[in-house]
Amino acid sequence: MIEGVNLRAQRLNMLKAMALVLAFCVPGLLIGAVLASPDWKMAITVAGLVTYVAVVLVNPTAGFLLWVATAPFARFLYLNISLGRGIPDLSLDRIVSAFTFVLLMAQLAIRKRHMARLTVVDLFMVLFLLGAGLSLPQAMAGTTATIQAFFDTQVVPLLVYLMAKNLINNRSAHRAFVFTLLFMGAYLSALVIHEQLTGIILFYPEGRTLQYTAHI
1 MIEGVNLRAQ RLNMLKAMAL VLAFCVPGLL IGAVLASPDW KMAITVAGLV TYVAVVLVNP
61 TAGFLLWVAT APFARFLYLN ISLGRGIPDL SLDRIVSAFT FVLLMAQLAI RKRHMARLTV
121 VDLFMVLFLL GAGLSLPQAM AGTTATIQAF FDTQVVPLLV YLMAKNLINN RSAHRAFVFT
181 LLFMGAYLSA LVIHEQLTGI ILFYPEGRTL QYTAHI
């Protein structure tokens, strides 16, 4: 009887091991096949965005800081999805900021997190956003381009401020935030120094022309 129990336990462990191997091998093979196909950029985009969303779900503060630290390079790492002419693109900033904000609001609604105290500055920031939004119908650019620019330059910064105010609210979070800023300052300084010494732009902005004068 004991031998029968041990045999069943061995079979169960073997099945678990096989399931674990399949759980890793099958997605790995699929990802490898996609990366070897002409659609490899989309595979990187989807995998990258899923990673950001997963980190935000596990730890909103860590996901927020990861996004802030790497957002400047999203366009160079295939983390933005272009949906074609006339449709707003799904950029890393838009996806992560919206997802993190919704998750934060959900946590506040179920009292899993305490909301930071609102101030007069917060009120004026919201009023400014609403006032700026009134000018959208009179914009000279197209409707889609105007809405995208308004969201990226006005809405996202406000969301970042509100999320930082509610996520960076203890000593460990403050320390992580400071380290993130130091990390960003370090890599930006390295890029600027490299560019000035060599004249080579490692991350060249698309659709723009840069020209150095004799004194720059």
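Residue numbers (my numbering): 1 to 216. A virtual CB, placed ideally from N, CA and C, is assigned to each residue, including glycine.
Around the C-beta of residue 187, fewer than 16 other C-beta atoms lie within 10 Å, and the residue is accordingly described as exposed.
For the pair residue 45 and residue 79, the CB atoms are nearer than the 9 Å cut-off. Annotation: the continuous alpha helix (DSSP H) that includes residue 166 extends over 156-167. In this structure residue 52 is not in contact with residue 65, their Cβ atoms being roughly 11 Å apart against a cut-off of 8 Å. Distance from residue 55 to residue 47 at the Cβ level is roughly 13 Å; contact not present, criterion being Cβ atoms closer than 8 Å. Out of 147, 122, 118, 121, the CA that lies nearest to the CA of residue 132 is found in 147.
Distance from the Cα of residue 97 is smallest, within the candidate group 68, 168, 76, for 68.
Between residue 158 and residue 125 a beta carbon distance of about 6 Å is seen, short of the 8 Å cut, so the two are scored as contacting. Where residue 138 is concerned, there is no enclosing alpha helix (DSSP H), because DSSP gives it neither an H nor an E.
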